[in-house]
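Asks: Quick one: this structure, given as structure tokens, is what I'll be asking you about.
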């Protein structure tokens, strides 16, 4: 949970940074198609942030701090396609009133629903073996 909050802080900062050039080029994005374009831009930028780190070592900075690593179920690294798939599944799980995250409360391995569906797992990076 602490890792997710730490990631959220970094994502908020990233969104602020990504929004400035967007507004410089597009202008007012408070309504209409520009608002939707800004939302899509933010979705892509945040997705790129997670996909970049998940495919390069399986860890964002907060995940490194808390020794959490994202791997495939066989312990191998995550491909770009799988990382993007996981990201969009997580967005859907969050949009469904957090049901994808609450799933971990009833899952036998305490995995999130998006990890189950994407074929990924969050593991202790200090452990030599993976699920």
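In this note's numbering, the protein residues as written are 3 to 133.
Heads up, the beta-carbon is just placed ideally off N, CA and C, and yes, glycines get one too.
Would a C-beta distance cut-off of 9 Å place residue 87 and residue 120 closer than the cut-off?
Replies: Here residue 87 corresponds to residue number 85 of the chain shown, with the count starting at 1. Here residue 120 corresponds to residue number 118 of the chain shown, with the count starting at 1. Their beta carbons are under 9 Å apart, which means residue 87 touches residue 120 by this criterion.
Asks: Report the start-end ranges of each beta strand (DSSP E) in the stretch 92 to 132 that is 3 residues or longer and not cut off at the edges.
Replies: 122 to 126
Asks: On the premise that residue 100 lies in contact with residue 114, defined as a C-beta separation below 8 Å, what is that separation, rounded to the nearest angstrom?
Replies: Counting from one through the chain shown, the residue named residue 114 turns up at place 112. Counting from one through the chain shown, the residue named residue 100 turns up at place 98. Wrong, their Cβ atoms sit about 10 Å apart, outside the cutoff.
Asks: Straight-line CA distance for residue 69 to residue 34?
Replies: As a first step, residue 69 must be located in the chain shown, where it is residue number 67. As a first step, residue 34 must be located in the chain shown, where it is residue number 32. Looking at the two C-alpha atoms, the distance is approximately 43 Å.
Asks: Can you tell me where the beta strand (DSSP E) holding residue 73 begins and where it ends?
Replies: Against the chain shown, residue 73 aligns to sequence position 71. From DSSP, the beta strand (DSSP E) with residue 73 extends over 70 to 74.
Asks: How would you label residue 22, buried or exposed, when you count the other beta carbons within 10 angstroms and need 16 or more for buried?
Replies: Position 20 of the chain shown holds residue 22. By the 10 Å Cβ count, residue 22 comes out exposed.
Asks: Indicate whether residue 63 and residue 12 have their beta-carbon atoms separated by less than 9 Å.
Replies: Position 61 of the chain shown, counting from 1, holds the residue named residue 63. Position 10 of the chain shown, counting from 1, holds the residue named residue 12. Taking 9 Å as the Cβ cut-off, residue 63 and residue 12 qualify as a contacting pair.
Asks: Restricting to runs no shorter than 4 residues, where is the alpha helix (DSSP H) found entirely within the stretch 35 to 81?
Replies: 63 to 67
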